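Residue numbers (the numbering used here): 7 to 589.
Don't be surprised by glycine CBs; every beta carbon is placed ideally from N, CA and C.
Just so we're clear, the structure is a prediction, and the values are computed from it rather than from any experiment.
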Amino acid sequence: MQTNGGKALMKSLEAEGVEIVFGLPGGAILPAYDPLIDSKLRHILVRHEQGAGHMAEGYAHATGRPGVAMVTSGPAATNMVTPLADAMLDSVPMVCITGQVASAAIGTDAFQECDTTGITMAVTKHNFLVTEAAEIPQVIHDAFYIATTGRPGPVLVDIPKDLVDPGNPRSQFEDYDPTGHDLPGYHPVIEPDREAVRAAAEMILAAKRPVIYSGGGILKARGADALRALAELLDIHVVTTLMNRGGFPDDHPLALGMPGMHGNYTAVTAMQQADLLITLGARFDDRVTGRLDGFAPSAKVIHADIDPAEFNKIRHADVSIQGDVRLTIEALIEAIAELGGADEQPDRTPWKSLVSGWQETYPLTYGEWHEGEGLKPQFVIEQLRDLSPDDTIVASGVGQHQMWASQFWKFNYPYTWINSGGLGTMGFAVPAAIGAKAGMPDRTVWAIDGDGCFQMTNQELVTATLERLPVKIAILNNGYLGMVRQWQELFYDERYSEVKLRADLPDFKMLAESMGCVGMRVEHPDDVASAIEEANAIDDRPVVIDFRTEASENVYPMVPAGKTNSDVIVHPLQGGDPYGGAK
């Protein structure tokens with residue numbers, strides 16, 4: 007049976023189980039939008055292509071299924087570069103379809119032409135330029151396979167206009183259903199090597215100060231239950247990186263929380279003084295390690311990861327285990343049982359007492375609110391946490407509010423924390439929250455954003471209103487680019503260069519209302535709870551709350567750039583000296 011490229015594209019997306027496509031039509035992709043009308047796909051029309059990409063990411067984070075974005079050529083494709091780079095660094099499964107100028111016009115500098123595959127090669131796991139319409143079913147099949155297997159990531163498919171135009175003979179071909187994949191060189195290793203697993207198990211049973219260093223790979227592998235089983239079997243503390251918040255419950259007695267530049271003191275220091283790091287689905291990111299030559303100097307390293315490129319890239323591993331991290335953890339549990347079980351471990355009472363002492367001495371803290379000051383942002387997040395459902399999905403932008411959200415929200419459920427970790431993309435929160443709500447419509451979704459971030463992508467609230475996606479946005483509005491201001495205060499002698507915004511311009515309440523949302527403004531602590539409760543009760547449209555927060559508030563603990571994690575600065579209330587040294 008004859009078909010055409012446009013129809014084949016829609017059929018192929020349906021065959022891959024796609025339910026939602028985030029996109030914006032334009033000239034080169036226009037022929038593909040016509041058969042979309044007759045497909046089973048729900049299309050969410052964004053206001054900017056970057057929003058489509060971040061919505062696809064938010065959808066993928068929340069559901070575990072690949073997000074899909076579809077935009078046109080030229081500037082639309084270049085607007086997708088940031089979401090693709092974001093997804094690449096955070097291993098988010100995503101398929102992006104871009105239109106391209108007609109085949110004969112490629113290379114002529116035609117209207118809205120750019121070398122999309124060339125531009126995106128460095129920010130995609132793989133990309134395709136379709137040259138024949140008959141390739142479309144197989145290419146789409148391959149794209150989803152690549153995006154979701156091995157280390158997940160974004161895949162781009164660039165399709166010339168003539169190949170999806172039903173009026174063009176080049177678009178016609180005999181329909182077929184693709185089977186299998188012919189991808190030379192792409193053979194993800196899923197099953198861990200049993201000898202390496204046994205060697206790791208022996209190291210674990212010999213360690214006196216072990217820490218499980220768990221990263222975002224836990225969530226990508228759906229390995230949260232396995233991680234908990236391993237930790238409880240061995241009675242070993244767990245740190246959860248920014249990308250694995252929720253991968254191990256914060257209320258668990260073995261949970262140490264987030265390590266790194268703005269991690270809590272106990273998580274940072276436990277890693278620093280460990281004699282063994284059991285590294286599961288983490289990549290020794292510079293925000294976790296601090297100055298590398300001073301990171302965990304006495305620790306041996308077990309490194310389990312799906313991507314062999316991560317082994318010994320930053321920190322030498324004594325044992326490397328390639329494979330799906332959930333399967334690796336399950337294999338570790340088996341190997342430990344074969345070696346005699348957890349009873350074969352040494353007495354770790356002194357280590358546990360040391361960790362407990364750090365927890366008691368250096369909990370997360372913040373100062374009291376005083377009349378005339380802005381709200382304490384940490385207090386706002388605690389109220390959001392306590393007054394929202396336990397399984398609320400939280401998306402964040404990037405900056406101080408991101409760190410406070412990760413620190414002060416209690417993540418006890420996996421797949422409830424969505425943020426831009428590796429790329430640090432301001433403007434991520436609003437569209438990512440919308441994508442998460444589209445994928446999980448029965449869940450409460452809060453975006454915790456800063457006033458700087460919010461002004462980058464807030465137009466997507468029009469999308470949320472029209473698509474009936476009632477997300478809730480908490481703006482921690484301090485009138486500054488807060489994290490930059492903090493660094494200029496502490497490390498540039500309070501020389502504030504181009505960081506001051508205007509807390510009252512725009513008027514976020516009125517801006518929200520103009521986009522069909524409920525808008526609120528909160529300036530006093532006594533009004534925080536009632537505003538949140540009101541927002542949580544609204545389920546027919548988005549809500550935006552402008553929380554006016556204290557501009558001088560800084561994020562602690564903090565490891566200064568260029569310092570080791572041993573130089574972590576705790577809150578001044580706990581004796582930390584941000585100007586002259588570390589606690």
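Less than 8 Å separates the beta-carbon of Ala-68 from that of Gly-445.
For Gln-278, DSSP assigns no beta-bridge partner whatsoever.
When only Cα atoms are considered, Glu-350 and Thr-450 end up about 45 Å apart. Along the region 419-463, the beta strand (DSSP E) occurs as fully enclosed runs of 3 or more residues at 451-456, listed in sequence order. When DSSP reads this structure, Cys-102 sits in a beta bridge with Ala-75 and Leu-162. In this structure, the alpha-carbon of Phe-254 lies about 17 Å from that of Gly-70. Ala-62 is not a Cβ neighbour of Gly-427, given a cutoff of 8 Å. Classified as buried, Leu-248 has 16 or more neighbouring CB atoms from the shown chains inside 10 Å of its CB.
Sequence-distant partners of Ala-273 (beyond 5 residues in either direction) whose C-beta falls short of 7 Å from its own C-beta, in its chain, are Val-245, Leu-262, Gly-263, Met-264 and Pro-265.
The beta carbon of Ile-320 lies closer than 6 Å to those of Phe-290 in the same chain, with the five residues before and after it left out. In the DSSP annotation of this structure, the continuous segment of the beta strand (DSSP E) that includes Ile-26 starts and ends at 26-30. Inclusion of Pro-158 and Pro-194 in the CB contact set at 8 Å is not warranted, their separation being larger than that value.
Here Ala-207 really is in contact with Ile-342; their C-beta atoms are around 5 Å apart, less than 8 Å.
Beta-bridge analysis with DSSP links Arg-527 to Asp-552. Close CB contacts of Phe-414 within its chain, under the 8 Å cut and outside five residues either way in sequence, are with Leu-370, Gln-384, Ile-387, Glu-388 and Arg-391 (chain order). Taking every protein chain shown into account, the CB of Gly-373 has fewer than 16 other CB atoms within 10 angstroms, so this residue is exposed. Contact check for Thr-471 against Gly-57 fails: the beta carbons are separated by 8 Å or more.
Here DSSP, grouped into helix, strand and coil, assigns Leu-475 to coil.
Rounded to the nearest whole angstrom, the C-alpha separation of Val-170 and Phe-179 is 11 Å.
Within 10 angstroms of the beta-carbon of Met-7 lie fewer than 16 other beta-carbons, which makes it exposed. The residue from Ser-503, Val-550 and Asp-510 with its alpha-carbon nearest to that of Met-521 is Val-550. About 19 Å separates the Cβ atoms of Val-27 and Val-87, ruling out a contact at the 8 Å cut-off. Beta bridge pairing from DSSP links Asp-171 with no other residue. Excluding the 5 residues flanking it on each side, Ala-305 has same chain C-beta neighbours closer than 7 Å at Ala-280, Asp-281, Leu-282 and Leu-283, in chain order. Residue range 87-95 is occupied by the alpha helix (DSSP H) that includes Pro-89. Gln-144 and Pro-184 have their C-alpha atoms spaced approximately 5 Å apart.
Apart from the 5 residues on each side of it in sequence, Leu-30 sits with its Cβ closer than 7 Å to the Cβ of Leu-51, Val-52, Glu-55, Ala-58, Val-77 and Ala-82 in its chain, given in chain order. Taken atom to atom, the span from the alpha-carbon of Tyr-562 to that of Arg-204 is near 39 Å.
For Gly-124, the enclosing alpha helix (DSSP H) covers residues 122-126. Straight-line measurement puts the Cα of Leu-333 at about 8 Å from the Cα of Ala-232. Note on the region 238-284: whole beta strand (DSSP E) runs with a minimum of 3 residues are 244-246 and 261-263, in chain order.
Residue state for Ile-196 is assigned as coil, using DSSP reduced to three classes. Judged by their CB atoms, Val-101 and Phe-150 are nearer to each other than the 8 Å cut-off. Relative to the Cα of Gly-329, the nearest Cα in the group Pro-198, Ala-288 and Thr-122 belongs to Pro-198. Straight through space, the alpha carbons of Ala-128 and Glu-138 are spaced by roughly 24 Å. Here Asp-256 has Gly-263, Lys-416, Phe-417 and Asn-418 as same chain residues with Cβ atoms under 7 Å from its own Cβ, once five neighbours each way along the sequence are excluded.
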